[in-house]
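A.B. asks:
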Amino acid sequence: MDAFDHRCCELRSLTRREFLRLASGTVAASSVSSLVPSAFAAATQPKPRTVFVTFGGGARDEETFAPEGQQNIPRLLSDLIPQGTFFTQVVNRGILGHYVATAGIVTGCYETFDNFIAQPTGNPTVFEYFRRGLGRPMDDTWVIAPSNGFQQIGFSRHRGYEGQGAGVILPKQLLAAAVSRQHPQSLVDYEHLLQDNYEMPVYRPSLSENDGELHLEQLASTLRLSVEDFTRDARSLDSADALSLSIARRLMAQVSPSLLLITLHDMDVAHAGAFSLYIDAIQRADRICGDLWASIQSFPEYKDGTALFIMPDFGRDADGDPGGNGFQHHRTGGAMARTTWMLALGPGIRQNVTVDRAIQPIDLVPTIGKRHGFETPYVQGKPIPELIG
Amino acid sequence: MTPEQLTAGSFSGYPPQARQFAADHLALLRQLPLSVAPAFLREIIALDWRFPAERRTFERQCRRLESLPPEQRAKLIAPFQQIHVPDSIAAHDWVGAPQPFLQELTAYLWSSSQIDTYRRAAQDLLAVPLDDAPQKNRFAVVVVGKDATSPSPQLFRKLAPHGVTLRHLQWTPDTPKQLGHALQQHASSTAEPYSRWYIDGGDPWPHDDAFVSLLSYSRLRPVRENVLERMNRYTQSGPGNAEAMRSMLTALTPAESRADAVLSDPLMQHFVTMLFVEGSGTQIYSTSFVQWAARETLRRAQPEQLLVRFAPRQRQRTLNQLFDAATNVEVPDPEGSLRDADISAYYILLDMLRISDPAHITLLAWREGHGHAVIVSPRAPAGKSDEAPLDLSSALAKYA
């Protein structure tokens, strides 16, 4: 990006900080040395854990942190941000496609493969660094992703890390397999259930018989849920993201992974052009983030020892950009599409603080590495000083 | 092949007007680097199906470049010369079929972090001032909220700062007819074809077919269902990706999309086909169709009069509703559609501002069946509110 775009990103960041100050009274990081003592410095510490949440489908300031958007994110504003450090300027310099951008987040490198083809990353993932560095078993790190395109995000192609990746749970595919097993003649609308890619509304991968068996095996062995119980619970939910939260809770209760990635995807319905559905999804993501943090605090294994990072993978196009169509897409590569935010909360992370310095989404992996104490030798990003004490 | 090797014969497979245009501007095309020449050819190859206004715009862009001093033109072209096109992409038939070339080039530009540079260079290359000819006055009416019953105090929040908010504009059973008359009164006697449009998200109001070009979501149902079916068939046919599907769709002819079965005008057949194959969500949600159709109509046909009416789109089925076959029907969502239409009305204003000076724009956005409206025009005090009861003609006389 040139100087102009940098300036645009900075202006967006400053504006977002002012919105936050008005809304929740946060304090700039430069003005305080420490608001709360580092929990990491305490003598007795639970095993450190990390949960990171990405929004696959960014949300713009107008619909979130700007005054007119704040009504859509009450939990983030009033509940979570006061408990954490908020980074106002996260600039994504990579490809603005959801799978490839999420791959960049989990590898700490900007990946460059075709966004629409499910494939392993070229660089090692944070799950592989974590397992190799700390000698952890596969059950200690998981990915929950709504899109079948994410099925290979747990393992890289990198030769030095064979067999060190994370298990991936695809909630919609799991549900489809469960219902299919329970009611082979079911009238469930699979076409819509498996809708996978809001950018191309009917594009969705097929579910093979073998895939179905693998999903059912995951249901029984990992989540320890019967097909009947799982489908009954799913019937009470209203969206794929709600199903992801439900599975995350089950996973935390049954397996207690130390490193967990959840990608939320509902808000990417914006690609279908219906603004109200996009707003509904933002409001749902806000509730889910609040409920997830409450869940983390309710499990003894997680309470007080878990860091939560929440970050959209990127933004969406500006209304005034003639190359785009407003909120609908993220095709222009403009400042608003590239700039987003991150909220971090948990032990060792200062509360009620904003940071305006620009960071990148690829900085998250080296930061998690530093916090947990494992090496991340192939990352392009840099550890975020405000989060590593 | 490189652009400097182009000859008039290179375009022998183009439709007649496109072939002539390419021959007329051959000298310019030969000067363009390979990274940008196919983008010009993509415009040229479709020229026979373009509306008069967009043909003129493209012609002006080319003539401007041709009229520049050589050093100034070279400066605009220079950023494209810095982009090395990989051999695998250059090997495409970029003259006969520019779209697949551009699709691969776009992916390459993203992956090589050159997309931002390319985008800025393209904006500079194609920037032209508004038409030198006297500006046309443009009048648009946007009607939102059909069948919505809930109060919506924040309606037109984005439009309100640009115009006057009317709280008691009287909607009567005659209003649809009066809106038609109001648009006709604003029409100039010398208006060219495709300068008056009516876009409706459902069944259209009574209107004069001779006066307007009509796009009705209901009447276009065969086209959208056909495109949707092709998309479904493609995804079920085996490996492929979204970009390949997009290529398949953009190559659809009006006969293949069935647009020729519902429209007689070849230009309209091509336009409607593109609305459904290029517009994301237009095949599913009527509000997305109406917004995209209005945007493309303003960008391409540049109408002088435009009536846009939103109707309820189908409700998005929630996860739990997918379990119930009884919900596998299209249920309308009037309240959600009102919110969709609200931001779309603002986008229509932005689209108008891209083709006209603000001094020549009038936009009336109005909630159907209610008194809440906003008028944006040179005479409407921006950010003000008018609480007085007004009928349509009085409001237009006062503010439009």
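From first to last, the protein sequence lines stand for chains A and B.
In terms of the numbering used here, the first sequence is residues 1 to 389.
In terms of the numbering used here, the second sequence is residues 1001 to 1400.
From the three backbone atoms N, C-alpha and C, an ideal C-beta is built for every residue, glycine too.
Kindly indicate the opening and closing residues of the alpha helix (DSSP H) around residue 104 of chain A.
C.D. replies: Against the first sequence, residue 104 of chain A aligns to sequence position 104. Where residue 104 of chain A is concerned, the enclosing alpha helix (DSSP H) stretches over 98 to 107.
A.B. asks: Bridge partners of residue 1367 of chain B, per DSSP?
C.D. replies: Reading the second sequence from its first residue, position 367 is the one you call residue 1367 of chain B. Paired residues: B/1144.
A.B. asks: To test your reading of the DSSP string, which unbroken beta strand (DSSP E) runs of 3 or more residues are found completely within the region 1180 to 1268 of chain B?
C.D. replies: 1196 to 1200, 1213 to 1216
A.B. asks: Taking only beta-carbon atoms, is residue 1335 of chain B less than 9 angstroms away from chain A?
C.D. replies: As a working mapping, residue 1335 of chain B is identified with position 335 in the second sequence. Yes, contact with chain A.
A.B. asks: Specify whether the region 1108 to 1126 of chain B and the region 1158 to 1178 of chain B touch according to this definition: at least 3 beta carbon pairs, one from each stretch, less than 8 angstroms apart.
C.D. replies: no
A.B. asks: Please compile the residues from chain B whose C-beta is within a distance smaller than 7 angstroms of the C-beta of residue 330 of chain A.
C.D. replies: Your numbering for residue 330 of chain A matches position 330 in the first sequence. Those do not exist, as residue 330 of chain A stays about 11 angstroms from chain B at its closest Cβ, beyond 7 angstroms.
A.B. asks: Apart from the five residues just before and just after residue 113 of chain A, which ones in its own chain have a Cβ nearer than 7 angstroms to its Cβ?
C.D. replies: In the first sequence, counting from the first residue as 1, residue 113 of chain A sits at position 113. Excluding residues within five positions, the ones whose Cβ falls inside 7 angstroms are 100, 119.
A.B. asks: Count the other C-beta atoms from every protein chain shown that fall within 10 angstroms of the C-beta of residue 221 of chain A, then say buried if there are 16 or more, exposed otherwise.
C.D. replies: Looking up residue 221 of chain A in the first sequence gives position 221. With fewer than 16 neighbouring CB atoms inside 10 Å of its own CB, residue 221 of chain A falls in the exposed class.
A.B. asks: Using a Cβ cut-off of 8 angstroms, pull out every chain B residue sitting near residue 65 of chain A, in sequence order please.
C.D. replies: Counting from 1 along the first sequence, the entry for residue 65 of chain A is found at position 65. In chain order: nothing, as chain B lies at least about 17 angstroms away.
A.B. asks: Measure from the C-beta of residue 1116 of chain B to each C-beta in chain A and report whether the shortest distance is under 9 angstroms.
C.D. replies: Mapped onto the second sequence, residue 1116 of chain B falls at position 116. Answer yes: the Cβ-Cβ gap between residue 1116 of chain B and chain A drops below 9 angstroms somewhere.
A.B. asks: So residue 1357 of chain B packs on residue 1135 of chain B, CB below 8 angstroms; how close in whole Å?
C.D. replies: Start at 1 with the first residue of the second sequence, and residue 1357 of chain B comes out as number 357. Start at 1 with the first residue of the second sequence, and residue 1135 of chain B comes out as number 135. 5 angstroms between Cβ atoms; contact.
A.B. asks: So residue 1307 of chain B contacts chain A; which residues on that side make the cut at Cβ distance below 7 angstroms?
C.D. replies: The count along the second sequence starts at 1 and reaches residue 1307 of chain B at position 307. The contact set of residue 1307 of chain B on chain A, defined by CB atoms closer than 7 angstroms, is empty, because the minimum CB distance reaches about 20 angstroms.
A.B. asks: Apart from the five residues just before and just after residue 269 of chain A, which ones in its own chain have a Cβ nearer than 7 angstroms to its Cβ?
C.D. replies: The sequence position of residue 269 of chain A within the first sequence is 269, counting from 1. Spatial neighbours of residue 269 of chain A in its own chain (CB-CB distance under 7 angstroms, excluding positions within 5 residues in sequence) are listed in chain order as 198, 277, 278, 281.
A.B. asks: Should residue 121 of chain A and residue 130 of chain A be called a contact, given that it needs their Cβ atoms to be closer than 9 angstroms?
C.D. replies: Numbered from its first residue, the first sequence carries residue 121 of chain A at position 121. Numbered from its first residue, the first sequence carries residue 130 of chain A at position 130. No. Outside cutoff.
A.B. asks: Please identify, using Cβ separations under 9 angstroms, the residues of the region 1278 to 1295 of chain B that lie next to chain A, in order along the chain.
C.D. replies: 1279, 1280, 1281, 1282, 1283, 1284, 1285, 1287, 1288, 1289, 1291, 1292, 1295
A.B. asks: Since residue 312 of chain A sits in a beta bridge, which residues does DSSP pair it with?
C.D. replies: Residue 312 of chain A sits at position 312 when you count from the first residue of the first sequence. Paired residues: A/55.
A.B. asks: Within the same chain, show all residues whose beta-carbon is closer than 8 angstroms to that of residue 241 of chain A, passing over the 5 residues directly before and after it, in chain order.
C.D. replies: Translated into the one-based positions of the first sequence, residue 241 of chain A becomes position 241. So the list reads 146, 264, 265, 266, 281, 284, 285, 288, once near-sequence residues are dropped.
A.B. asks: Rounding to the nearest angstrom, what Cα-Cα distance links residue 307 of chain A and residue 54 of chain A in this structure?
C.D. replies: Residue numbering aside, residue 307 of chain A sits at position 307 when the first sequence is read from its first letter. Residue numbering aside, residue 54 of chain A sits at position 54 when the first sequence is read from its first letter. For residue 307 of chain A and residue 54 of chain A, the distance between alpha carbons rounds to 14 angstroms.
A.B. asks: Determine, using beta carbons only, whether residue 333 of chain A comes closer than 9 angstroms to chain B.
C.D. replies: Indexing the first sequence from 1 puts residue 333 of chain A at position 333. Residue 333 of chain A counts as touching chain B.
A.B. asks: State the Cα-Cα distance for the pair residue 1187 of chain B and residue 1305 of chain B, rounded to the nearest angstrom.
C.D. replies: Translated into positions along the second sequence, residue 1187 of chain B becomes position 187. Translated into positions along the second sequence, residue 1305 of chain B becomes position 305. When rounded, the distance between both Cα atoms is 7 angstroms.
A.B. asks: Report yes if the CB atom of residue 1142 of chain B is closer than 9 angstroms to the CB atom of residue 1294 of chain B, and no otherwise.
C.D. replies: Position 142 of the second sequence, counted from the start, is the residue given in the question as residue 1142 of chain B. Position 294 of the second sequence, counted from the start, is the residue given in the question as residue 1294 of chain B. Here residue 1142 of chain B is near residue 1294 of chain B, since their CB atoms are less than 9 angstroms apart.
A.B. asks: In whole angstroms, give me the CA-to-CA distance for residue 143 of chain A and residue 1041 of chain B.
C.D. replies: On the first sequence, residue 143 of chain A is found 143 positions in, with the first residue counted as 1. On the second sequence, residue 1041 of chain B is found 41 positions in, with the first residue counted as 1. So the two alpha carbons sit approximately 45 angstroms from each other.
A.B. asks: Counting only Cβ pairs nearer than 8 angstroms, list the residues of chain A close to residue 1316 of chain B.
C.D. replies: Your numbering for residue 1316 of chain B matches position 316 in the second sequence. Within 8 angstroms Cβ-Cβ: 269, 274, 277.
A.B. asks: Does the region 348 to 367 of chain A come close enough to the region 1053 to 1066 of chain B that 3 or more CB-CB pairs lie under 8 angstroms?
C.D. replies: no
A.B. asks: Residue 1123 of chain B CB to nearest chain A CB: under 9 angstroms?
C.D. replies: In the second sequence, counting from the first residue as 1, residue 1123 of chain B sits at position 123. Cβ-Cβ to chain A under 9 angstroms: yes for residue 1123 of chain B.
A.B. asks: Please return the same chain residues whose Cβ sits closer than 6 angstroms to the Cβ of residue 1139 of chain B, not counting the five positions on each side in sequence.
C.D. replies: For the purposes of this step, residue 1139 of chain B is taken as residue 139 along the second sequence, with counting starting at 1. Taken in chain order, the residues that qualify are 1186, 1305, 1362.
A.B. asks: Output, in sequence order along the chain, the residues in the region 305 to 323 of chain A whose CB is closer than 9 angstroms to any CB in chain B.
C.D. replies: 319, 320, 322, 323
A.B. asks: Quick check on this structure: which residue in A/326, A/301, A/294, A/321 has the alpha carbon closest to the alpha carbon of residue 49 of chain A?
C.D. replies: Taking the first sequence and counting its residues from 1, the one referred to as residue 49 of chain A is at position 49. It is A/301.
A.B. asks: Can you tell me which of A/172, A/134, A/174, A/104 puts its alpha carbon nearest to the alpha carbon of residue 153 of chain A?
C.D. replies: As a first step, residue 153 of chain A must be located in the first sequence, where it is residue number 153. It is A/104 whose Cα lies nearest to the Cα of residue 153 of chain A.
A.B. asks: Tell me the residue span of the alpha helix (DSSP H) that contains residue 1110 of chain B.
C.D. replies: Taking the first residue of the second sequence as 1, we reach residue 1110 of chain B at position 110. For residue 1110 of chain B, the enclosing alpha helix (DSSP H) starts and ends at 1098 to 1111.
A.B. asks: Reducing DSSP to helix, strand and coil, say where residue 1171 of chain B ends up.
C.D. replies: Locating residue 1171 of chain B in the second sequence gives position 171, where the first residue counts as 1. DSSP places residue 1171 of chain B in coil when its eight states are reduced to three.
A.B. asks: Can you tell me where the alpha helix (DSSP H) with residue 1040 of chain B in it begins and where it stops?
C.D. replies: As a first step, residue 1040 of chain B is located in the second sequence; it is residue number 40 there, counting from the start. 1037 to 1045 is the span of the alpha helix (DSSP H), which, as asked, contains residue 1040 of chain B.
A.B. asks: Pull up the CB-CB distance for residue 385 of chain A and residue 376 of chain A, whole angstroms please, since I reckon it's below 8 angstroms.
C.D. replies: Numbered from its first residue, the first sequence carries residue 385 of chain A at position 385. Numbered from its first residue, the first sequence carries residue 376 of chain A at position 376. Not quite, the Cβ-Cβ distance comes to about 16 angstroms (not below 8 angstroms), so this is no contact.
A.B. asks: Where residue 64 of chain A and residue 71 of chain A are concerned, what is the direct C-alpha to C-alpha distance, given to the nearest angstrom?
C.D. replies: What you label residue 64 of chain A is simply residue 64 of the first sequence in a count that begins at 1. What you label residue 71 of chain A is simply residue 71 of the first sequence in a count that begins at 1. Rounded to the nearest angstrom, the two C-alpha atoms are 8 angstroms apart.
A.B. asks: Would residue 1223 of chain B pass as a contact of residue 1262 of chain B if the rule is Cβ separation under 9 angstroms?
C.D. replies: For this step, residue 1223 of chain B is matched to residue 223 along the second sequence. For this step, residue 1262 of chain B is matched to residue 262 along the second sequence. A contact, by the Cβ cut-off of 9 angstroms.
A.B. asks: Do residue 60 of chain A and residue 69 of chain A have their CB atoms nearer than 9 angstroms?
C.D. replies: Numbered from 1 along the first sequence, position 60 holds the residue referred to as residue 60 of chain A. Numbered from 1 along the first sequence, position 69 holds the residue referred to as residue 69 of chain A. Yes, they are a contact pair.
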